[in-house]
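Participant: Here it is, the structure, as structure tokens.
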Amino acid sequence: MAFLAIENLRKSFGEHQVVQRFDLSVERGEFISFLGPSGCGKTTTLRMIAGFETATAGTVHIDGRDVTHLQPNQRNVGMVFQSYALFPNMTAAQNVAFGLKVARKSADDIKARVADMLRLVKLPQLADRYPYQMSGGQQQRIALARALATSPQLLLLDEPLSALDAKVRVALREELKGLQRDLGITTIYVTHDQEEALSMSDRVVVMSDGRIEQLGTPFDIYNQPRTRFVASFVGTLNIVKAQVIDAGQGAIRIEGQDVKAARQLSEKNGETCSIALRPEAVSLQDPGNGCNRVKGTIEEVSFLGAIVRIKVGLGDTRIMLDRFNNPGSPPPVRGEAVTLHFAPEDVLPLEPAPPL
Amino acid sequence: MEQPLEALAGVSVAAPRRVPISWAWLGVVPFFAFALLFLLLPTAYLVIGAFQDADGHWTLANLADLWEPNIVSAYWISLEVSAASALGGATLGFMLAWAVVLGGLPRWLRPALMTFSGVASNFAGIPLAFAFLATLGRAGLVTTLLQSVFGFNLYRAGFNILSFWGLTLTYLYFQIPLMVLILTPALDGLKREWREAATILGAGPWGYWRQIVIPIIWPSLLGTTLLLFANAFGAVATAYGLTGSTLNLVTILLYAQVRGDVLHNPHLGYALALGMVVITAVSNAAYIILRTRSERWLR
Amino acid sequence: MKRNRLGPWLALALGAAYFLVPLIATLEFSLRIRRGTYSLDAYANVLSDPSFQQTFLFSTVAAVATIVAGTVLVVPTAYWIRLRLPRMRPYVEFITLLPLVIPAIVLVFGYLKLYNSSSILPMTGAAWTTNILLVCGYVTLALPYMYRAVDTGLRAIDVRSLTEAAECLGAGRVTIMTQVIFPNVRVAVMSGAFLTFAIVIGEFTFASLLDRPAFGPYLQLVGANRAYEPSALAIIAFVVTWACMGLIQVFARDPRSASLPTP
Chain A
3 MAFLAIENLR
13 KSFGEHQVVQ
23 RFDLSVERGE
33 FISFLGPSGC
43 GKTTTLRMIA
53 GFETATAGTV
63 HIDGRDVTHL
73 QPNQRNVGMV
83 FQSYALFPNM
93 TAAQNVAFGL
103 KVARKSADDI
113 KARVADMLRL
123 VKLPQLADRY
133 PYQMSGGQQQ
143 RIALARALAT
153 SPQLLLLDEP
163 LSALDAKVRV
173 ALREELKGLQ
183 RDLGITTIYV
193 THDQEEALSM
203 SDRVVVMSDG
213 RIEQLGTPFD
223 IYNQPRTRFV
233 ASFVGTLNIV
243 KAQVIDAGQG
253 AIRIEGQDVK
263 AARQLSEKNG
273 ETCSIALRPE
283 AVSLQDPGNG
293 CNRVKGTIEE
303 VSFLGAIVRI
313 KVGLGDTRIM
323 LDRFNNPGSP
333 PPVRGEAVTL
343 HFAPEDVLPL
353 EPAPPL
Chain B
15 MEQPLEALAG
25 VSVAAPRRVP
35 ISWAWLGVVP
45 FFAFALLFLL
55 LPTAYLVIGA
65 FQDADGHWTL
75 ANLADLWEPN
85 IVSAYWISLE
95 VSAASALGGA
105 TLGFMLAWAV
115 VLGGLPRWLR
125 PALMTFSGVA
135 SNFAGIPLAF
145 AFLATLGRAG
155 LVTTLLQSVF
165 GFNLYRAGFN
175 ILSFWGLTLT
185 YLYFQIPLMV
195 LILTPALDGL
205 KREWREAATI
215 LGAGPWGYWR
225 QIVIPIIWPS
235 LLGTTLLLFA
245 NAFGAVATAY
255 GLTGSTLNLV
265 TILLYAQVRG
275 DVLHNPHLGY
285 ALALGMVVIT
295 AVSNAAYIIL
305 RTRSERWLR
Chain C
12 MKRNRLGPWL
22 ALALGAAYFL
32 VPLIATLEFS
42 LRIRRGTYSL
52 DAYANVLSDP
62 SFQQTFLFST
72 VAAVATIVAG
82 TVLVVPTAYW
92 IRLRLPRMRP
102 YVEFITLLPL
112 VIPAIVLVFG
122 YLKLYNSSSI
132 LPMTGAAWTT
142 NILLVCGYVT
152 LALPYMYRAV
162 DTGLRAIDVR
172 SLTEAAECLG
182 AGRVTIMTQV
192 IFPNVRVAVM
202 SGAFLTFAIV
212 IGEFTFASLL
222 DRPAFGPYLQ
232 LVGANRAYEP
242 SALAIIAFVV
252 TWACMGLIQV
262 FARDPRSASL
272 PTP
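Residue numbers (the working numbering), protein chains in the order written: chain A, 3 to 358; chain B, 15 to 313; chain C, 12 to 274.
Following this line, the structure appears as structure tokens:
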């Protein structure tokens, strides 16, 4: 039996269905991300698990207990908000102690636990500071300490890093992941940043328009996107139009050049199809036999530090490829004629785009 | 962000580099001259005059003379009316502001209430006195309705609009809206996430109120109450229009003094004015201190 | 989360009752002048009274003068403080708060003592100088609201960036003031203006003690002598105040405008 079982969860505001038939089983200690653009329903789903929104239909079970109709203060769930939501009239220590005070723990227990929590988030020196005296990153760590102080069975995080600076975000991300692993607490993390989701999660739920598009490990989601949406939302992707020559053999033609895919195509011969190609799957070097070769001209070269991103044009199509920076060999120049190489297995056919 | 004056001086167009600062000072001279002539000097004149006698010598006799029973009673009644209308206005205004901001009422009620409060808070003065006479005067609508519908004679029961309580009730008409206008933005500062965070940490509604809401807004509440107090203390027109000279308020007394030196001692009049200014200044200072304090938390 | 709505609705209902009943009562009273039936005779009497027309006109003119004088005083000052003298800001703001601290009656008392016939600056001698004194007093009363409105308006349009942008494009100081600053604060000034109008129209203390034929003293006189006309006047005063506030809201909805100052 899964630790967190969400079955057939739905939410409608009047006519508008915000969350449609959400099913998910989460094991104890797992780190799950809800990933998607604004308005896809991820925050609403999280708030239903927390109890701030009442589900229109469906159930939520935590550790075997049906919590669907319980108030948020009865679910023993911890939550970290995007805006930190620290109580401004209390010091950091008092904030962390809040849940313990409500639970009527003894003063000694509270003191010990608060000290533990502050040490856990590495901010024991801020115990007597007020929120307005702390930076965003510090406030968010105190908020985390506050949520964990009551030893909740589930930790919910609603885009906790969005309001922070880029550097702070990356540092805090790693801390969060380390903490979660050490404590072994089941965690649901809502974000629109695919890098966050991929780097932290055991499994990712990609959502769009209130629906689950795909559920899987970061590796699966990235390398085997099941829908066009997942493919384009997660990581950068080349989406290329091609003509189907032989659907059963996976033979297509891109801008007049023949290409072989390792999969069958759903379109018929002669029709146009779309294929996806990851930038890291394309290379300027020839790896040997069995790969596709297309010729094109370099249009743009972006030096991103560790990665060099090269945009190659063939006819009306653009294909981006990434390669590692090599101090020994400078990046190619604009206007150079090159040959792109990629394996047939890396050609990902996408289902036809939905009509506008 | 403060910038050095020299950097700002570079913004000016034609002034020579040597004297950029005096150009800028010229710009605010009219304002300060006006403030001096029509705000600071008149007040200073009275304040100084309170400490002088008829021959111009320094004396504290005027302040001592304030302890005459007539004047003491005037201060006392003014303080009572101001306190009563301030507390009443604060309590009722708070409930109204709370209802409209956090009570889950239809969204359109808030702008409607704010507009009406803006109007009502400026409706003080003679017309307000007329309005309440028409409502609760001897021939007023409510008075006659109570008599005809419930057989209850308001005036026989001891009520009179031309009294301390009548004036307090009338003052509430602009005190409550003032409270609503000032408190509504303060209540906006109560972020929804605080309530949610408190709830998910196990607190019930009363716990949230006790531990978070009250500590956060009590400076605003107290400060605005003091503002209301000062506001009522300095009011003249409404009292004059309603109770005339029958209710001995400090403002009415001062009015009579300005009109015709009823105290037979002009310097005593200055002392009276000084007493008023001290009381209103202290209340307003406390209001500002409390407001800065609460703003710091809610940043 | 479901919340009990009874409390808020009750508060609102009681509030509505308290605020609306006096208005209804006044209206009803004002219609009762003719025995046995409702009529607008009280309003007719009031509106045709030459005293009403004169005093209302006097107060209107005074209000307009106050608005003009106040704008001329406040706008350049606020602009200057924002742009060139930010260090003076606390002092200027303190001064603009003083009229809220010092009661009007104390101020006018000071005026009468300071500017009477036996002082350096005799202003109470002739009618026209007393009128000037009156307008100056009104400007003082309206100062907190006008300054706050204009200052908020300037803050919303980020005066410094606009001035610098205009200078980059070659504009001189006068051009900046007239074509960049004034048009953008015009809306804020309007909202301050309507509030000033509402304040001046009904003002009693200054007008009465300076002995000027303004609307406030007229109201008090009618109240002392007539029975039904005061109610009609109260309704008229309320409608005028409401119109002023309503016009402020109309301008406030303009996205270019600043937010309202709280009284």
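Cβ coordinates follow ideal geometry from the N, Cα and C atoms, glycine included.
Any idea which residues DSSP pairs residue 9/A with across the strands?
Facilitator: Working through the first sequence from its first residue, we reach residue 9/A at position 7. Bridge partners of residue 9/A: 61/A.
Participant: For my contact list, residue 37/C and residue 148/B are in at a C-beta cut-off of 8 Å; report their separation, rounded to the angstrom.
Facilitator: Counting from one through the third sequence, the residue named residue 37/C turns up at place 26. Counting from one through the second sequence, the residue named residue 148/B turns up at place 134. Distance from residue 37/C to residue 148/B at the Cβ level is roughly 4 Å; contact confirmed, criterion being Cβ atoms closer than 8 Å.
Participant: What three-state label does DSSP hand residue 222/C in the structure shown?
Facilitator: Start at 1 with the first residue of the third sequence, and residue 222/C comes out as number 211. The answer is coil: DSSP assigns residue 222/C none of H, G, I, E or B.
Participant: Cβ of residue 193/B less than 8 Å from any chain C Cβ?
Facilitator: The residue labelled residue 193/B in the question sits at position 179 within the second sequence. Chain C contact via Cβ: absent.
Participant: Sort 170/B, 201/B, 199/B, 211/B by Cα distance to residue 142/A and report the nearest one.
Facilitator: As a position in the first sequence, residue 142/A is number 140, starting the count at 1. Per the Cα distances, 211/B.
Participant: Run through DSSP, which three-state label would residue 121/B get?
Facilitator: To locate residue 121/B, count along the second sequence from 1; it is residue 107. In the structure shown, residue 121/B adopts coil according to DSSP, grouped into three states.
Participant: For residue 274/C, collect the residues of the same chain with a Cβ closer than 6 Å to its Cβ; drop the 5 residues on either side in sequence, then sort them by chain order.
Facilitator: Translated into positions along the third sequence, residue 274/C becomes position 263. The predicted model places residue 274/C with a pLDDT of 40, which falls under 50 and marks its position as unreliable, so this point remains unresolved.
Participant: Using 8 Å as the limit for Cβ to Cβ distance, is residue 216/B near chain A?
Facilitator: Counting from one through the second sequence, the residue named residue 216/B turns up at place 202. Among the residues facing chain A, residue 216/B is included, as its CB has a counterpart in that chain under 8 Å away.
Participant: Taking the C-alpha atoms as reference points, what is the distance between residue 120/A and residue 163/A?
Facilitator: Residue numbering aside, residue 120/A sits at position 118 when the first sequence is read from its first letter. Residue numbering aside, residue 163/A sits at position 161 when the first sequence is read from its first letter. Roughly 19 Å separates the two Cα atoms.
Participant: At a Cβ cut of 8 Å, what residues of the stretch 214-238 of chain B count as close to chain A, listed as they run along the chain?
Facilitator: 214, 215, 216, 217, 218, 221, 225, 226, 229, 230
Participant: Looking at the structure shown, is residue 33/A part of a helix, part of a strand, or coil, going by DSSP?
Facilitator: Here residue 33/A corresponds to residue number 31 of the first sequence, with the count starting at 1. Note: residue 33/A maps to strand in three-state DSSP.
Participant: Who are the Cβ neighbours of residue 282/A in its own chain at under 6 Å, not counting the five residues just before and after it?
Facilitator: The residue you call residue 282/A lines up with position 280 of the first sequence. So the qualifying residues of the chain are 324.
Participant: Could you pull the start and end residues of the alpha helix (DSSP H) that residue 147/C belongs to?
Facilitator: Within the third sequence, numbered from 1, the residue matching residue 147/C stands at position 136. Membership of residue 147/C in the alpha helix (DSSP H) is indicated by the continuous run 138-167.
Participant: Can you tell me whether residue 40/C is buried or exposed? The criterion is at least 16 other CB atoms within 10 Å of its CB, across all chains shown.
Facilitator: Working through the third sequence from its first residue, we reach residue 40/C at position 29. Counting C-beta atoms within 10 angstroms of its own C-beta, residue 40/C has 16 or more neighbours from the protein chains shown and is therefore classed as buried.
Participant: Would you grab the beta carbon distance between residue 214/A and residue 156/A for me? Rounded to a whole angstrom, and I think it's under 8 Å.
Facilitator: On the first sequence, residue 214/A is found 212 positions in, with the first residue counted as 1. On the first sequence, residue 156/A is found 154 positions in, with the first residue counted as 1. With a Cβ gap of about 19 Å, residue 214/A and residue 156/A do not count as contacting.
Participant: For the stretch 97-115 of chain C, list every residue whose C-beta sits within 9 Å of some C-beta in chain B, in sequence order.
Facilitator: Along the stretch 97-115 of chain C, going in chain order, the ones with a CB nearer than 9 Å to a CB of chain B are 97, 98, 99, 102, 103, 106, 107, 108, 109, 110, 111, 112, 113, 114, 115.
Participant: How big is the Cα-Cα spacing for residue 196/A and residue 40/A?
Facilitator: For this step, residue 196/A is matched to residue 194 along the first sequence. For this step, residue 40/A is matched to residue 38 along the first sequence. Whole-angstrom Cα-Cα distance: 13 Å.
Participant: Between the stretch 126-139 of chain A and the stretch 82-92 of chain A, are three or more C-beta pairs nearer than 8 Å?
Facilitator: Because the criterion of three Cβ pairs below 8 Å is met, the stretch 126-139 of chain A and the stretch 82-92 of chain A touch.
Participant: Evaluate residue 162/C with the Cβ neighbour count: other Cβ atoms within 10 Å of its Cβ, from every protein chain shown; 16 or more gives buried, anything less gives exposed.
Facilitator: Within the third sequence, residue 162/C is the residue found at index 151, counting from 1. Burial state of residue 162/C is buried, judged by a 10 Å Cβ sphere holding 16 or more other Cβ atoms.
Participant: With 16 as the cutoff for other CB atoms within 10 Å, does residue 172/C come out buried or exposed?
Facilitator: Counting from 1 along the third sequence, the entry for residue 172/C is found at position 161. When all chains shown are included, residue 172/C counts as exposed.
Participant: Rounded to the nearest angstrom, how far is the Cβ of residue 344/A from that of residue 246/A, given a contact under 8 Å?
Facilitator: In the first sequence, counting from the first residue as 1, residue 344/A sits at position 342. In the first sequence, counting from the first residue as 1, residue 246/A sits at position 244. Not a contact, Cβ separation roughly 18 Å.
Participant: Can you give me the Cβ contacts of residue 57/B inside the same chain, cut-off strictly under 8 Å, excluding the 5 residues immediately before and after it?
Facilitator: As a position in the second sequence, residue 57/B is number 43, starting the count at 1. Excluding positions up to five away in sequence, the list reads 291.
Participant: Between 51/A, 175/A, 193/A, which lies nearest to residue 36/A when the distance is taken from Cα to Cα?
Facilitator: Translated into the one-based positions of the first sequence, residue 36/A becomes position 34. The shortest C-alpha separation from residue 36/A is found at 193/A.
Participant: Residue 310/B versus chain D: which residues are under 9 Å apart at the beta carbon?
Facilitator: Absent from the structure is chain D; the protein chains it does hold are A, B and C.
Participant: Does chain B have any CB closer than 8 Å to the CB of residue 74/C?
Facilitator: Counting from 1 along the third sequence, the entry for residue 74/C is found at position 63. No, its Cβ sits nowhere closer than 8 Å to a Cβ of chain B.
Participant: For a contact meaning CB atoms closer than 7 Å, what does residue 252/A contact in chain B?
Facilitator: In the first sequence, counting from the first residue as 1, residue 252/A sits at position 250. Those within 7 Å of residue 252/A in chain B number zero; the least Cβ separation is about 52 Å.
Participant: Using the C-alpha atoms, what's the distance from residue 166/B back to residue 182/B?
Facilitator: Within the second sequence, the letter at position 168 stands for residue 182/B. Within the second sequence, the letter at position 152 stands for residue 166/B. The straight-line gap from Cα to Cα measures roughly 22 Å.
Participant: Check whether the Cβ atoms of residue 200/A and residue 278/A sit closer than 8 Å, and answer yes or no.
Facilitator: Taking the first sequence and counting its residues from 1, one reaches residue 200/A at position 198. Taking the first sequence and counting its residues from 1, one reaches residue 278/A at position 276. Taking 8 Å as the Cβ cut-off, residue 200/A and residue 278/A do not qualify as a contacting pair.
Participant: Please compile the residues from chain C whose C-beta is within a distance smaller than 8 Å of the C-beta of residue 272/B.
Facilitator: On the second sequence, residue 272/B is found 258 positions in, with the first residue counted as 1. The answer, in chain order, is 116, 119, 120, 123, 220.
Participant: Assuming residue 326/A is part of the beta strand (DSSP E), what are its boundary residues?
Facilitator: Numbered from its first residue, the first sequence carries residue 326/A at position 324. It spans 319-326 - the beta strand (DSSP E) in which residue 326/A sits, taken as one unbroken run.
Participant: For residue 260/B versus residue 249/B, is the C-beta spacing smaller than 8 Å?
Facilitator: Position 246 of the second sequence, counted from the first residue, corresponds to residue 260/B. Position 235 of the second sequence, counted from the first residue, corresponds to residue 249/B. Between residue 260/B and residue 249/B, the C-beta spacing is not below 8 Å.
Participant: Find the residues of chain C that neighbour residue 129/B, judging by a C-beta separation of less than 8 Å, and give them in chain order.
Facilitator: On the second sequence, residue 129/B is found 115 positions in, with the first residue counted as 1. Neighbours of residue 129/B in chain C, taken as residues whose beta carbon is under 8 Å from its own, are 256, 257, 260 in chain order.
Participant: So, does the CB of residue 274/C fall closer than 8 Å to a CB anywhere in chain B?
Facilitator: Residue 274/C sits at position 263 when you count from the first residue of the third sequence. Residue placement at residue 274/C is flagged as unreliable, the pLDDT there being 40, under the threshold of 50; a coordinate-derived value is accordingly withheld.
Participant: In the DSSP assignment, find the beta strand (DSSP E) that holds residue 215/A and state where it starts and stops.
Facilitator: If you number the first sequence from 1, residue 215/A lands on position 213. Taken as a continuous stretch (DSSP letters only), the beta strand (DSSP E) holding residue 215/A covers 213-218.
Participant: Run through chain A and tell me which residues come within less than 9 Å of residue 200/B, C-beta to C-beta.
Facilitator: Within the second sequence, numbered from 1, the residue matching residue 200/B stands at position 186. Those do not exist, as residue 200/B stays about 13 Å from chain A at its closest Cβ, beyond 9 Å.
Participant: Scan the stretch 33-44 of chain C for residues whose Cβ lies nearer than 8 Å to a Cβ of chain B and list them as they occur along the chain.
Facilitator: 33, 34, 35, 36, 37, 39, 40, 41
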